[in-house]
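**Student:**
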Amino acid sequence: MWIEFFQAAVIINILAATIRISTPLLLSAMGELVAERSGVMNLGVEGMMIFGTFTVWLVVFNGGGTLLAIAIAAVVGAILGWLIGWLVIYLKMDQTVTGLSINLLASGFSIYMYRAFNIAGETVSVELLPNISIPLLSKIPFLGQIFFMQSAYTYLAFLSVPVIAWVLRRTKIGLAIRSSGENPAAVDTRGINVYRIRMLSTTFGGIMAALGGAFLMTVVSSRFLPDMTAGRGWLAIIVVIAGNWRPARMIVATLIFAFLGALQLTLTTFNIAIPYEFLLVLPYVLALLALMLSRTRSAAPAKLAVPYSRE
Amino acid sequence: MLKALGLEVVKARQLHPVIQILLVLIAIILAFALSGWFINLTGGNPVEAFTVMFKGAFGDRRKILETLLRSSPLILTALATVITFRAQIWSIGQEGQLFSGAMLAYLAYRIFEPALDRPVLLAVIVIGGFLGGALLGLLSGWMKAKFNVDIIISTVLLNYIISTMLLFLLYDHKYWMGKTTYYPRTDAVIESSWFPILTHDTRLHMGFLIAIGLALVIYWLLKRTPYGYDIRALGANPVATKFKGIGISQLIMVTMFLSGGLAGLAGAGEVFGVHHNLSMEISPGYGYTGIIIAMVAELNPIIVLLVGVLFGGLINGSTVLIAATGIHSSITFVIQALILISVLVSRSLMKYRLRRVAHVD
Chain P
23 MWIEFFQAAV
33 IINILAATIR
43 ISTPLLLSAM
53 GELVAERSGV
63 MNLGVEGMMI
73 FGTFTVWLVV
83 FNGGGTLLAI
93 AIAAVVGAIL
103 GWLIGWLVIY
113 LKMDQTVTGL
123 SINLLASGFS
133 IYMYRAFNIA
143 GETVSVELLP
153 NISIPLLSKI
163 PFLGQIFFMQ
173 SAYTYLAFLS
183 VPVIAWVLRR
193 TKIGLAIRSS
203 GENPAAVDTR
213 GINVYRIRML
223 STTFGGIMAA
233 LGGAFLMTVV
243 SSRFLPDMTA
253 GRGWLAIIVV
263 IAGNWRPARM
273 IVATLIFAFL
283 GALQLTLTTF
293 NIAIPYEFLL
303 VLPYVLALLA
313 LMLSRTRSAA
323 PAKLAVPYSR
333 E
Chain U
144 MLKALGLEVV
154 KARQLHPVIQ
164 ILLVLIAIIL
174 AFALSGWFIN
184 LTGGNPVEAF
194 TVMFKGAFGD
204 RRKILETLLR
214 SSPLILTALA
224 TVITFRAQIW
234 SIGQEGQLFS
244 GAMLAYLAYR
254 IFEPALDRPV
264 LLAVIVIGGF
274 LGGALLGLLS
284 GWMKAKFNVD
294 IIISTVLLNY
304 IISTMLLFLL
314 YDHKYWMGKT
324 TYYPRTDAVI
334 ESSWFPILTH
344 DTRLHMGFLI
354 AIGLALVIYW
364 LLKRTPYGYD
374 IRALGANPVA
384 TKFKGIGISQ
394 LIMVTMFLSG
404 GLAGLAGAGE
414 VFGVHHNLSM
424 EISPGYGYTG
434 IIIAMVAELN
444 PIIVLLVGVL
454 FGGLINGSTV
464 LIAATGIHSS
474 ITFVIQALIL
484 ISVLVSRSLM
494 KYRLRRVAHV
504 D
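Line by line, the protein sequences are chains P and U. Count along the first sequence from 1, then add 22; that gives the number in the working numbering. Count along the second sequence from 1, then add 143; that gives the number in the working numbering.
#1: Could you check whether the Cβ of residue 476 of chain U sits closer than 8 Å to any Cβ belonging to chain P?
#2: With burial defined as no fewer than 16 other Cβ atoms inside 10 Å of the residue's Cβ, what is the status of residue 273 of chain P: buried or exposed?
#3: With DSSP as the reference, label residue 435 of chain U as helix, strand or coil.
#4: To the nearest angstrom, how far is it from the Cα of residue 282 of chain P to the Cα of residue 44 of chain P?
#5: Taking the straight line between their C-alpha atoms, what separation do you get for residue 246 of chain U and residue 475 of chain U?
#6: Just the Cα atoms here: how many angstroms apart are residue 94 of chain P and residue 232 of chain P?
#7: If you drop the 5 nearest sequence neighbours on each side, which residues of the same chain put their C-beta closer than 6 Å to that of residue 260 of chain P?
#8: What's the call for residue 312 of chain P, buried or exposed, on a 16-neighbour Cβ count within 10 Å?
#9: Over the uninterrupted beta strand (DSSP E) stretch that includes residue 215 of chain U, give me the two end residues.
#10: Output the distance between the C-alpha atoms of residue 228 of chain P and residue 104 of chain P, rounded to the nearest integer angstrom.
#11: Give a yes or no on whether 8 Å exceeds the smallest Cβ distance from residue 303 of chain U to chain P.
#12: So, is the C-beta of residue 129 of chain P closer than 8 Å to a C-beta in chain U?
#13: If we ignore side chains and look at the alpha-carbon of each, how far apart do residue 207 of chain U and residue 252 of chain P end up?
#14: Which term fits residue 504 of chain U, buried or exposed, when burial requires 16 or more other beta carbons within 10 angstroms of its beta carbon?
#15: Could you compute how far the alpha carbon of residue 163 of chain U sits from the alpha carbon of residue 488 of chain U?
#16: Near residue 330 of chain U, which residues of its chain fall below 8 Å by C-beta distance, leaving aside the five closest residues on each side in sequence?
#17: What residue range does the beta strand (DSSP E) around residue 10 of chain P cover?
#18: Is there a Cβ of chain U sitting closer than 8 Å to that of residue 190 of chain P, yes or no?
#19: Would you kindly check if the distance between the Cβ of residue 470 of chain U and the Cβ of residue 182 of chain U is under 8 Å?
#20: Whole-angstrom Cβ separation of residue 276 of chain U and residue 240 of chain U, contact assumed at under 8 Å?
#21: For the segment 93–123 of chain P, which residues have a beta carbon sitting closer than 8 Å to at least one beta carbon of chain U?
#22: Suppose you measure from the CA of residue 257 of chain P to the CA of residue 276 of chain P; what does that come to, to the nearest Å?
#23: How should residue 15 of chain P be labelled, buried or exposed, when 16 other C-beta atoms within 10 angstroms of its C-beta is the threshold for buried?
#24: Closer than 8 Å by C-beta to residue 447 of chain U: which residues in its own chain qualify, once you throw out the five before and the five after it? Chain order, please.
#25: If we call anything under 8 Å between Cβ atoms a contact, is residue 168 of chain P one with residue 41 of chain P?
#26: Across which residues does DSSP place residue 154 of chain U in a beta bridge pair?
#27: Considering only the alpha carbon of each residue, which of U/165, U/174, U/266 and U/414 lies closest to residue 189 of chain U?
#28: Which two residues bound the contiguous beta strand (DSSP E) that contains residue 399 of chain U?
#29: Are the C-beta of residue 157 of chain U and some C-beta of chain B separated by less than 8 Å?
#30: Output, in sequence order along the chain, the residues in the segment 221–232 of chain P whose CB is closer than 9 Å to any CB in chain U.
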C-alpha cells in the first residue's frame, strides 16, 4: 500500500492540495499580522472565519451567486473587525476576552442557523469557484499542476503576501501601522491618530479572516457545517507567532501546516495503518511543538495587546 | 460627532454597587431582547420561546432540581476559569480538561472496578477525574513556564487534540467503544460506580454538593491564603509580582493544575452522575459556558454559584424548546454569547460618562 502512495500522481496531488489548503490560513494570518503590527491582538480570528463561512451560505440560500456571497462575507468581516476594534480601542475592553466573545458568538450563531434550517429540511449547495489554469505556466511539468491550476482565490491569497509586506515596509501608512504597535505615543506626537490606524488595521484583519472563511464555502466544500473552520483561525494566529511576524517566514509556517492537512486528506483514502484521528491532530501537535521550539519572539510588536490612551 | 452636540466622554466616578448591578441586569435583558429578535428573524415566536424555557427551567420542584443538576458542571468549569483569569492566565482549556477528566476517571473505573468496594471506587473515580483535568492543565502551565507558549493557544490546541483522541477511543471496538453499540460511546458503567443521588425522585447527584463546596473553598483560597494573594497580585501587576520574589512559573503551573482539576471533576460527574457512559455528549460546550459564567460573575466564586444556576436553567429550559416550539435548543449558545458581550460592554461603559463640554471664556 505504501508503494501505491509513492507515485508521482499522488504526490503532485498532495502538493497541489497543500497550496489549496494554505489559502484560508494565509489570508487570515496576513490579516492578523496587520492587526497585530498595529498593536491589536485579535483572538477572534476563528469566529470571524466562521462568520465568513455562514455568510456565504446565507447569501446563497437567499438566491445570491458565489461572487456576491464572497463580497458580502468581506463586508461582514469588516463590520466584525470594526466592532472588535471599537470594543478594544475605544472602550478598552480586554483584547483576549473580546476575541473569545466573538468566537463564542460565531460558534453559537453557526450551530443555531445550521439547526434552524436543517429542521426545515432545506439544504443548499454553493456553486464552487472553478480552478483557473494559467496559460503557459500550467504547462510546466509537475509544477504547473501544483501551483498554476488553482482557483482565483488561491492566487490572490499568495499575491497578498508580497503586497502586504511591501505596504507595511515601504509605505507611509505601513510605517504608521508598525509604529502604532511599537511606540504609539510617538505616532501621536506626529499628529497621526493611533486609534484610527488601529481601527483600520483591525477592520482589515476582519475582512481577511472572513475571506479566509468564505474560501472554505466557495472552493472546498459546497455544504455548510457549523464550526467547519475547525481551528484554522487559531492556526492562523500561530502562523503569525511561529513566523515571528515576518511575512516570508509566515508562508513557510503556513505551507507546513497545510502540507499536514493535505497529507491527512490523501492518506485517509489509502488503506494505511495510521488512525484517521491521529492524522487529524497532527497539525495541532506540530503547532504546539513549533511554539515550544520557536523561542525567539524578537519581531513581536512592543505594544502588542496594550491599549493606548490619549491623555 | 459628540462635540457637535456639546458633549464629551470623560472617566466616570465609581458607581454605586446597586446601580452597577442594575446596569448588568439591563445588559442581560438587552441580550435576551436581541436573541428574541433573532428568533423572530428565523421564524420563531420569542415570547413563547422564553416562556417555555423559563417554565422548563424553574416551573416546578423537579425542574428546579434538574436545573441544579445542569448547573453542577457549569459551576465547576466556571470556578476553573475564575482562578486562572484572576491571575490573568487566559486558559480556555476547560472543555478539553473536562473531557480528559472524564477519560481518566473512566480509565480508573475500568482498572479498579472489579477490585474495589463502592466508597473506595467512588473516591478513585473522583480523584481520577480531578487528576485527568489537572494534568492536562499542568501541561499547558508547564509549556508556558518552560517554553513561553501562550496559555490561550496551548489550551485551544489541547482542546482539539483531546476531543479527537476521545473520538479515536470511542470509534473502535478494540478500545472503549461499547460492545453492544454502534454509536461512539462506551458501555454503561455499573451501578455501584454511580454518583449517589441526593433526592430519590430526580437525578441530582453529589457532584452538585462538590461544586458548591469547592466554590466556598475557592472563595476562601483567593481571599484568605497567601496563594490567593499571589494569584491576585499576578493578575493585578505581573511585573511587580516578579520583583516581590514570587515564583511566577510555579504559580502558573499550580494554578493551571488546580483549574484543570476543577474542570476534570465536571467531566467525571457527567459520566458517573448523569450519563453513566462516556461519549462526546457528556458536554455540550460546558467548558465554554463556564468561561462565560465566570466573566458575567465578575470572577467571584460566590456569584458564580448564582450565575451558574441561571445558566443551568437556560440550558435545562432549552431542552424542551424543540418539542414545544420547533426552535432548536442551540439558541442557548447565541443567548449565552450575547449575554457575555452585552455584560462586558456595559461594564466597560460604566467606566465612562458623558458630560457637557465646559466652555472656558
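From the three backbone atoms N, C-alpha and C, an ideal C-beta is built for every residue, glycine too. Nothing here was measured: the structure is a model prediction, and the numbers come from that model.
**Tutor:** Straight from the coordinates:
#1: The residue given as residue 476 of chain U occupies position 333 in the second sequence. Answer yes: the Cβ-Cβ gap between residue 476 of chain U and chain P drops below 8 Å somewhere.
#2: On the first sequence, residue 273 of chain P is found 251 positions in, with the first residue counted as 1. Buried.
#3: As a working note, residue 435 of chain U is residue 292 in the second sequence. It is helical.
#4: Within the first sequence, the letter at position 260 stands for residue 282 of chain P. Within the first sequence, the letter at position 22 stands for residue 44 of chain P. Looking at the two C-alpha atoms, the distance is approximately 11 Å.
#5: As a first step, residue 246 of chain U must be located in the second sequence, where it is residue number 103. As a first step, residue 475 of chain U must be located in the second sequence, where it is residue number 332. Their backbone Cα atoms lie some 27 Å apart in a straight line.
#6: Working through the first sequence from its first residue, we reach residue 94 of chain P at position 72. Working through the first sequence from its first residue, we reach residue 232 of chain P at position 210. Approximately 10 Å, taken between the alpha carbons.
#7: For the purposes of this step, residue 260 of chain P is taken as the residue at position 238 of the first sequence. If we look at residue 260 of chain P and ignore the five residues flanking it on each side, its Cβ neighbours are 309.
#8: As a working note, residue 312 of chain P is residue 290 in the first sequence. Counting Cβ neighbours within 10 Å, residue 312 of chain P comes out buried, since at least 16 surround it.
#9: Indexing the second sequence from 1 puts residue 215 of chain U at position 72. Here residue 215 of chain U belongs to no beta strand (DSSP E); instead the alpha helix (DSSP H) covers 204–229.
#10: For the purposes of this step, residue 228 of chain P is identified with residue 206 of the first sequence, where counting begins at 1. For the purposes of this step, residue 104 of chain P is identified with residue 82 of the first sequence, where counting begins at 1. Between the alpha carbons of residue 228 of chain P and residue 104 of chain P lies a distance of about 8 Å.
#11: Working through the second sequence from its first residue, we reach residue 303 of chain U at position 160. It does; some Cβ of chain P falls within 8 Å.
#12: Indexing the first sequence from 1 puts residue 129 of chain P at position 107. So, interface residue.
#13: Locating residue 207 of chain U in the second sequence gives position 64, where the first residue counts as 1. Locating residue 252 of chain P in the first sequence gives position 230, where the first residue counts as 1. So the two alpha carbons sit approximately 36 Å from each other.
#14: Within the second sequence, the letter at position 361 stands for residue 504 of chain U. Interpretation of residue 504 of chain U is limited by its pLDDT of 47, a score under 50 that renders its predicted location unreliable; the figure taken from the coordinates is listed afterwards. Exposed: under 16 other Cβ atoms inside 10 Å.
#15: On the second sequence, residue 163 of chain U is found 20 positions in, with the first residue counted as 1. On the second sequence, residue 488 of chain U is found 345 positions in, with the first residue counted as 1. Computed Cα separation, rounded: 13 Å.
#16: Against the second sequence, residue 330 of chain U aligns to sequence position 187. Here residue 330 of chain U has 321, 322, 323, 324 and 420 as same chain residues with Cβ atoms under 8 Å from its own Cβ, once five neighbours each way along the sequence are excluded.
#17: The first residue shown for chain P is 23 and the last is 333, placing residue 10 of chain P beyond what the model contains.
#18: Locating residue 190 of chain P in the first sequence gives position 168, counting from the first residue. Cβ-Cβ to chain U under 8 Å: no for residue 190 of chain P.
#19: For this step, residue 182 of chain U is matched to residue 39 along the second sequence. For this step, residue 470 of chain U is matched to residue 327 along the second sequence. Yes, these two residues count as a Cβ contact at 8 Å.
#20: Stepping through the second sequence from its first residue, residue 276 of chain U is reached at position 133. Stepping through the second sequence from its first residue, residue 240 of chain U is reached at position 97. About 4 Å; that satisfies the 8 Å criterion.
#21: 109, 113, 114, 115, 118, 119, 120, 122 and 123
#22: On the first sequence, residue 257 of chain P is found 235 positions in, with the first residue counted as 1. On the first sequence, residue 276 of chain P is found 254 positions in, with the first residue counted as 1. C-alpha separation (whole angstroms): 9 Å.
#23: Chain P is shown from 23 up to 333; residue 15 of chain P falls before or after that span and cannot be answered.
#24: Counting from 1 along the second sequence, the entry for residue 447 of chain U is found at position 304. Within the same chain, residue 447 of chain U has close Cβ partners 218, 221, 222, 225, 358, 436, 437 and 440.
#25: Here residue 168 of chain P refers to the residue found at position 146 when the first sequence is read from its first residue. Here residue 41 of chain P refers to the residue found at position 19 when the first sequence is read from its first residue. Yes, the Cβ-Cβ distance between residue 168 of chain P and residue 41 of chain P is below 8 Å.
#26: Residue mapping note: residue 154 of chain U aligns to position 11 of the second sequence, counting from 1. Residue 154 of chain U is bridged to U/495.
#27: Counting from one through the second sequence, the residue named residue 189 of chain U turns up at place 46. The shortest C-alpha to C-alpha distance from residue 189 of chain U to any of U/165, U/174, U/266 and U/414 is the one to U/174.
#28: Position 256 of the second sequence, counted from the first residue, corresponds to residue 399 of chain U. Residue 399 of chain U -> not in any beta strand (DSSP E); alpha helix (DSSP H) instead, spanning 391–412.
#29: No chain B is part of this structure, whose protein chains are labelled P and U.
#30: none
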